[in-house]
Amino acid sequence: MNNGITTAALAGFGTGLSLIVAIGAQNAFVLRQGARRHAVLAVVAICAVSDALLITLGVAGVGAFVTAWPAALTAVAIAGGTFLVCYGILAARRVLRPAPGAALATGGATVGSARTAVLTCLAMTWLNPHVYLDTVLLVGSLAADRGDLRWAFGIGAALASLIWFGALGYGARLLSGLLARPGAWRVLDGLVAATMVTMGGMLLARA
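Numbering (the working numbering) for the sequence shown: 1015 to 1221.
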């Protein structure tokens, strides 16, 4: 039985990791916050806890209910697509008009800016339909195939999320020397802008 639990957990871990490693809007945001050392713990916690909650819902069988109510996914797609496009435009604006000294802004976050980072992270997480598709629907359906071991599969997937976002948020500090250069920030913001505008546009087109 223990071998079965371990196998299910490892399968869930591999599945969860494969779904979140690809660079997307959420990962790009966590990377940027980590490189700036700005509200990193809060951002990582929001991403990991949100994934854990959604995976729990998926394993519990909520995915079948969501599938039967497609209007909900359409509404989230419209809201999330609009948000991602707007955030991408702001990132593109930073590329064209970088703020003086922005490359050196790696600490000393104010309460207001931390609150903005938290709200942005919450919106980017909960208004992204891909998060629901990956966690509630896909992970939930794969966990259901494990029968009594579905919760071990879900725990493995949630652990993968925690490790990934922690490594991304805090590992970005290793790039602080490179990102001390204004040109590097413009490249990073360009990547963020392209990723978010593309994903937002695709969501709006599908909606």
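All C-beta atoms in this analysis are idealised placements derived from N, C-alpha and C, irrespective of residue type, glycine included.
On a predicted model such as this, the values are computed, not experimentally measured, just so you know.
Annotation: the continuous alpha helix (DSSP H) that includes Asp1065 extends over Val1054 to Val1073. Under the DSSP assignment, Arg1046 falls in the alpha helix (DSSP H) whose first and last residues are Ala1039 to Arg1050. Around the beta-carbon of Ile1103, fewer than 16 other beta-carbon atoms lie within 10 Å, marking it exposed. The residue from Thr1149, Gly1215 and Phe1027 with its alpha-carbon nearest to that of Tyr1101 is Gly1215. In this structure, Val1057 sits near Ala1131, with a CB-CB distance shorter than 8 angstroms.
Excluding residues up to 5 positions away in sequence, Ala1049 lie with their Cβ nearer than 7 angstroms to the Cβ of Leu1189 in the same chain. The region 1132-1198 contains, as complete alpha helix (DSSP H) runs of 4+ residues, the segments 1143-1146, 1154-1158 and 1164-1185 (chain order). By a beta-carbon distance limit of 8 angstroms, Ala1166 contacts Ile1019. Their separation comes to about 5 angstroms. The Cβ atoms of Ala1023 and Ile1177 do not sit closer than 8 angstroms to each other. Assignment of Val1035 by DSSP, reduced to helix, strand and coil, places it in the coil class.
Sixteen is the threshold: when 16 or more other Cβ atoms of the shown chains lie within 10 Å of the Cβ of Gly1154, as they do, the residue is buried.
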